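Residue numbers (our numbering): 17 to 138.
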């Protein structure tokens, strides 16, 4: 959801009701600057560990399709993943060598991933 909002605000895409993303231009072609802005918007809207799995995607469309494959899988699989993440969040514990900021970043990553699953129709 957040990624689509960023892309819409940047004027790089038109997000359809079915979840698809189309270039904002009428011709359907995308210049290098728009492509870069679209990729930046996608990267801003996903968890950091997911960004690493998108390295090597040539275009924003390829990155978007990879995200769809990753996150729009089987509904039962998503529910199971959310349950696992909730359990991980409940069991989160601060180690002696960690700071509160470290613990907060761990919690943020887990919550962000849960919200990401839920925002994609989970």
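No residue lacks a Cβ here, since even glycine has one placed at the ideal position from N, Cα and C. All values reported here derive from a predicted model rather than from experimental measurement.
- Of all C-beta pairs linking the segment 93-104 to the segment 112-132, three or more are shorter than 8 Å, placing the two stretches in contact.
- In the DSSP assignment, residue 119 falls within the unbroken alpha helix (DSSP H) covering 116-135.
- DSSP, reduced to helix, strand and coil, places residue 111 outside both helices and strands of the structure shown, so it counts as coil.
- Contact annotation, residue 82 with residue 70: C-beta distance approximately 6 Å; criterion of less than 8 Å satisfied.
- Residue 48 and residue 68 have their C-alpha atoms roughly 21 Å apart.
- For residue 59, same chain residues with a beta-carbon under 7 Å away, outside a window of 5 residues either side, are 67 in chain order.
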